[in-house]
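Engineer:
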Amino acid sequence: MPVVSVITPVHPPSLRYLTEAYESLAAQELPPGWAWEWLVQEDGETGLLDGVVPADERVLPGSGRRGGPGVARMMALSRASGELIKALDADDLLASGALARDIAALEDPEIGWTTCRVLDLLPDGTTAGVDSDPEEGRIERGAILRHWQRNGYVSSVVAGTLCIRRDLLLELGGWMALPASEDTGLILAANACSDGYFVSACGMFYRKWAGQVTRSAAHNDDGERLARMKLIEERAEVMLARRRCRAAPSRTDPGSGPGSVSGT
């Protein structure tokens, strides 16, 4: 049976939202024959998840040495069995049909990953969207990287909605070893190496609240942020250039020069 593995890192401030994240996952309707599993990983070894995770055999809690969300995600990946890996932060919610739409898009073997439209979930329970989403359909290699570079390191898609083939994720080295923006680094690397697909239907509700990591002073420190962006950009550029070199015909290949006939 094919499985989509949903990976969620947890730290103390986000723990109070974990039940809602589970409810949004449990409500997903998957295509016939598919199943999901939820790898919930504490970023640390304090017993944070004891007695908190639902009594559901599909929910697989774990813990490990504290290293930030990227490390927690990677340690959860070591326990995952799915051929597809879906990101979900502990304070966010999956929209109805999100996993089914990811699975449908990845039926195309030329698509390596998906992302989708997001609605901000505000403290009063209302939602808000943006008008800058890509159109539904294939995202060509390098497209997100170029938008990100032209727009002050702001992506055209939300990295936290990523669903990616396990083998591609491993080939890319997983989430980057950064204190933050590790998911941005991964999606730009994926975009450098494989075509993706944008699902225009809302697939995630992105919770806005005072304790979220992206609002912290450390996350927004200019010096650290620029260092993260530099590494993310450099890795993606190198990957994109190497893929282009592999795709280019060899000059020493007698079948690739002028006058050659394919298949002869």
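First residue of the sequence shown? That's 1417 in our numbering, and the numbers climb one at a time after it.
We treat Cβ as the ideally placed atom computed from N, Cα and C, and that holds for glycine.
Could you tell me the alpha carbon to alpha carbon distance between residue 1545 and residue 1537, rounded to whole angstroms?
Structural biologist: Cα to Cα, residue 1545 sits roughly 9 Å from residue 1537.
Engineer: Assuming residue 1565 is part of the alpha helix (DSSP H), what are its boundary residues?
Structural biologist: First-last of the alpha helix (DSSP H) with residue 1565: 1559–1566.
Engineer: Count the CB pairs spanning the segment 1445–1459 and the segment 1423–1435 that are closer than 8 Å, and state whether there are at least three.
Structural biologist: Yes, they touch.
Engineer: Alpha carbons only, please: which of 1645, 1627 and 1584 is nearest the one belonging to residue 1597?
Structural biologist: For the residues 1645, 1627 and 1584, the minimum Cα distance to residue 1597 belongs to 1645.
Engineer: List the whole-angstrom C-beta distance separating residue 1594 from residue 1486, where the pair is believed to meet the contact cut-off of C-beta under 8 Å.
Structural biologist: The Cβ separation is near 6 Å, so the contact holds.
Engineer: Please state the DSSP three-state secondary structure of residue 1487.
Structural biologist: Note: residue 1487 maps to helix in three-state DSSP.
Engineer: What number of angstroms, rounded off, separates the C-alpha of residue 1509 from the C-alpha of residue 1422?
Structural biologist: For residue 1509 and residue 1422, the distance between alpha carbons rounds to 12 Å.
Engineer: In the segment 1525–1584, which residue ranges form an unbroken beta strand (DSSP E) of at least 3 residues, counting only runs that do not cross its ends?
Structural biologist: Here the runs fully enclosed are 1529–1537, 1553–1555 and 1579–1581.
Engineer: Can you tell me whether residue 1627 is helix, strand or coil according to DSSP?
Structural biologist: Looking at residue 1627 - three-state DSSP - the assignment turns out to be coil, as it is neither helix nor strand.
Engineer: Whole angstroms are fine: how far does the CA of residue 1472 sit from the CA of residue 1583?
Structural biologist: Near 27 Å, if we compare the C-alpha coordinates of residue 1472 and residue 1583.
Engineer: Of the choices 1611, 1442 and 1513, whose alpha-carbon is the least far from that of residue 1474?
Structural biologist: Looking at the Cα atoms, 1442 is the closest of the given residues.
Engineer: Per the DSSP calculation, residue 1451 is bridged to which residue(s)?
Structural biologist: The partner list for residue 1451 (beta bridge, DSSP) reads 1419.
Engineer: Kindly provide the ranges of any beta strand (DSSP E) runs that are 3 or more residues long and lie completely inside the segment 1457–1508, ordered along the chain.
Structural biologist: List check, beta strand (DSSP E) in window: 1475–1480 and 1500–1503.
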